[in-house]
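When you line the sequence shown up against my numbering, it's residues 484 to 606, in that order. Just so it is clear, CB atoms sit at the ideal spot from N, CA and C, and this is done for glycine as well.
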Amino acid sequence: MTHTHHAIDYIELAGGDLEATKAFYASAFGWEFTDYGPEYAGIRMPGGSQDGGAEVGGIDGTVTGSVGSTLVLLYSDDLDASVAAVRSAGGAVTKEPYTFPGGRRFCVTDPGGNQLGVWQSTE
């Protein structure tokens, strides 16, 4: 799967009860998952598409859902330039860039109060 600069790249949902949340989405929409332990599951793209099996999102079982709890992740070709652009545009960086397995990420709140994450691959 290729990543496009500043395009929506990954959606992370609050899960609360991870197993119940997975069961709901599997039943309602036919979603499939990759388990990463007892608290997180990746959402795989349906197998019939060009990128069948690629992850398009995840469910975080450590977070209880509420209105506004979905975290949209954008992909960046240059994370540091994206941090600067967010600040220049009036966004608030709520979590400075940090590393995680496979990349770096930061979080931002837009002027309307919506939180987004922006990430860059290190692979």
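The criterion of a C-beta distance shorter than 8 Å is satisfied by residue 587 and residue 580. Per DSSP, reduced to three states, the secondary structure at residue 571 is helical. In the assembly as shown, residue 585 is an exposed residue. Its beta-carbon has fewer than 16 other beta-carbons within 10 Å. A check of alpha carbon separations from residue 566 across 591, 505, 547 and 596 identifies 591 as the nearest. Boundaries cannot be given for residue 522, as no beta strand (DSSP E) includes it and DSSP labels it neither H nor E. By the Cβ-count criterion, residue 518 is exposed, with fewer than 16 other Cβ atoms from all chains shown falling within 10 Å of its own Cβ.
With fewer than 16 other beta carbons inside 10 angstroms of its own, residue 485 counts as exposed.
Counting along the chain, the unbroken alpha helix (DSSP H) around residue 504 starts and ends at 501-512. Per DSSP, the unbroken beta strand (DSSP E) holding residue 604 starts and ends at 598-604. Linking residue 521 to residue 545 through their CA atoms gives a straight-line distance of about 9 Å.
Under the 10 Å beta carbon count, residue 526 is surrounded by 16 or more other beta carbons and is classified as buried. Residue 490 and residue 558 do touch by the CB rule: their CB atoms are close to 6 Å apart, below 8 Å.
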